[in-house]
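In my numbering, the protein residues as written are 56 to 389. The C-beta atom is built at its ideal place from N, Cα and C for all residues, glycine as well. Quick caveat, the model's predicted, so the values are computed rather than measured.
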Amino acid sequence: MKTLSPTEKNDLLLALALAFEKKTAGPAAPSTFRELVEKRFTAASPERFEALAARAEINDRLEPEARDRWQALTAERLRRRGRHRRFDERINPSHIVAVLAREPESIRQIILRNLPADLSRRIALYLDVAFDPPGEKPAVPGKAPHAAVLEIVRRRFLSEFIALEDIYEPDELDRFSFGELENFIHQLGLREIAIACRGINSKETLAAFLNRFDESDAREIAHYITELDKIRPFWVAQADALVRKSWSADLRPDRVIRKIGFKLLAMAYAGRDETRRRYAAQKLSIRDVKNWTRLVNLSERKYGAAGPDDRLRLSKRSRIIERLAVRFSQTGKL
Numbered sequence: 056m057k058t059l060s061p062t063e064k065n066d067l068l069l070a071l072a073l074a075f076e077k078k079t080a081g082p083a084a085p086s087t088f089r090e091l092v093e094k095r096f097t098a099a100s101p102e103r104f105e106a107l108a109a110r111a112e113i114n115d116r117l118e119p120e121a122r123d124r125w126q127a128l129t130a131e132r133l134r135r136r137g138r139h140r141r142f143d144e145r146i147n148p149s150h151i152v153a154v155l156a157r158e159p160e161s162i163r164q165i166i167l168r169n170l171p172a173d174l175s176r177r178i179a180l181y182l183d184v185a186f187d188p189p190g191e192k193p194a195v196p197g198k199a200p201h202a203a204v205l206e207i208v209r210r211r212f213l214s215e216f217i218a219l220e221d222i223y224e225p226d227e228l229d230r231f232s233f234g235e236l237e238n239f240i241h242q243l244g245l246r247e248i249a250i251a252c253r254g255i256n257s258k259e260t261l262a263a264f265l266n267r268f269d270e271s272d273a274r275e276i277a278h279y280i281t282e283l284d285k286i287r288p289f290w291v292a293q294a295d296a297l298v299r300k301s302w303s304a305d306l307r308p309d310r311v312i313r314k315i316g317f318k319l320l321a322m323a324y325a326g327r328d329e330t331r332r333r334y335a336a337q338k339l340s341i342r343d344v345k346n347w348t349r350l351v352n353l354s355e356r357k358y359g360a361a362g363p364d365d366r367l368r369l370s371k372r373s374r375i376i377e378r379l380a381v382r383f384s385q386t387g388k389l
């Protein structure tokens with residue numbers, strides 16, 4: 056249950072309770088999800104009961120056929136978790152390299168021959184191994200593996216990763232490829248720097264600051280400054296603090312931009328479930344994963360220690376980033 060999202064947990068509990076009632080109570084089973092919650096979950100915590108009741112109200116608005124489809128779909132999603140059958144091309148190749156580096160040559164060849172050809176060639180170069188593309192004569196002659204062996208190897212390889220189908224009700228952040236996620240991080244950093252610049256009153260000071268960046272990034276920041284003319288002082292102060300904390304004389308400006316965007320993305324993931332966090336992590340370079348996990352956990356602890364007002368602001372920031380992800384997926388800009 057730890058890796059399930061709150062919505063997924065509630066759907067699972069409702070689906071299991073409904074199945075139990077249909078099996079044991081028959082015609083006497085509750086006729087609505089609300090009645091089901093009141094019958095089966097009175098001992099739950101107030102927060103859990105309230106969340107289940109809210110989900111029940113949504114389901115009660117469904118037509119009977121739609122309710123049956125919901126129950127079947129929920130059960131199927133849960134059965135399917137961790138049993139994906141296709142390779143997810145959103146995985147950063149560095150993670151595949153790390154997995155294959157632990158395998159013997161025979162297993163590497165089996166996996167490489169079943170990945171997209173261009174990806175296999177790149178990974179083979181990283182690993183410094185000979186790659187035998189499908190249809191070509193193997194560099195190392197030998198009997199072809201049995202189909203059952205191939206299936207075992209394939210399943211074992213896929214089990215190393217999270218797939219999009221493991222995500223419950225994926226959103227735009229989840230659907231980004233590793234390249235799109237990297238671009239999104241860059242745009243988040245540019246946008247946050249632009250917000251911080253709203254606090255600079257001198258045109259000369261602003262021009263001098265923008266001159267630190269390359270021409271394209273400076274132009275993007277200037278564009279965001281023009282667009283973001285109604286930002287509240289609180290968010291300007293927050294952006295200024297983040298930029299100052301992230302700035303370092305030994306980092307190139309483009310690395311500072313990424314550092315800021317990376318931190319913002321980690322903040323947004325503090326409230327997301329473990330499966331989503333791991334799925335995002337495998338889109339990053341493997342060298343970034345440790346820092347990613349640290350920043351997400353740090354943001355989660357910060358949220359837990361915050362007072363009500365600060366929690367609202369942190370939640371709002373996460374929602375803003377999720378909305379920006381939707382816009383970015385449509386336009387390539389924030």
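For Pro85, there is no enclosing alpha helix (DSSP H), since its DSSP letter is neither H nor E. The beta carbon of Gly326 is closer than 6 Å to those of Ser373 in its chain, skipping five residues each way along the sequence. Under the three-state reduction of DSSP output, Ala218 falls in the coil class, being neither helix nor strand. Counting only runs of at least 4 residues, the segment 342-383 fully encloses the following alpha helix (DSSP H) elements, listed from N- to C-terminal order: 344-360. Judged by beta-carbon spacing, Pro148 lies within the 9 Å limit of Leu174, meaning their Cβ atoms are closer than that value.
Between Gln242 and Lys338, the CB-CB gap reaches or exceeds 9 Å. For Ala251 against Val298, the beta-carbon gap comes to about 4 Å, under 8 Å, which counts as contact. In this model, Trp347 and Ser340 are separated by some 10 Å (Cα to Cα).
The Cβ-Cβ distance between Leu228 and Glu90 does not fall below 9 Å. For the set Tyr324, Lys78, Asn114, Gly359, the Cα lying nearest the Cα of Thr129 is the one of Asn114. In the structure shown, Ala294 falls within a helical segment according to DSSP collapsed to helix, strand and coil. Under the 10 Å beta carbon count, Lys94 is surrounded by fewer than 16 other beta carbons and is classified as exposed. Membership of Ser175 in the alpha helix (DSSP H) is indicated by the continuous run 172-182. The beta carbon of Leu167 sits closer than 7 Å to the beta carbons of Ser175, Ile178, Ala179, Phe186 from its chain, once the five residues preceding and following it are set aside; these are given in chain order.
Taking C-alpha positions only, Arg253 is separated from Ile276 by approximately 11 Å. Distance from Asp66 to Arg103 at the Cβ level is roughly 13 Å; contact not present, criterion being Cβ atoms closer than 8 Å.
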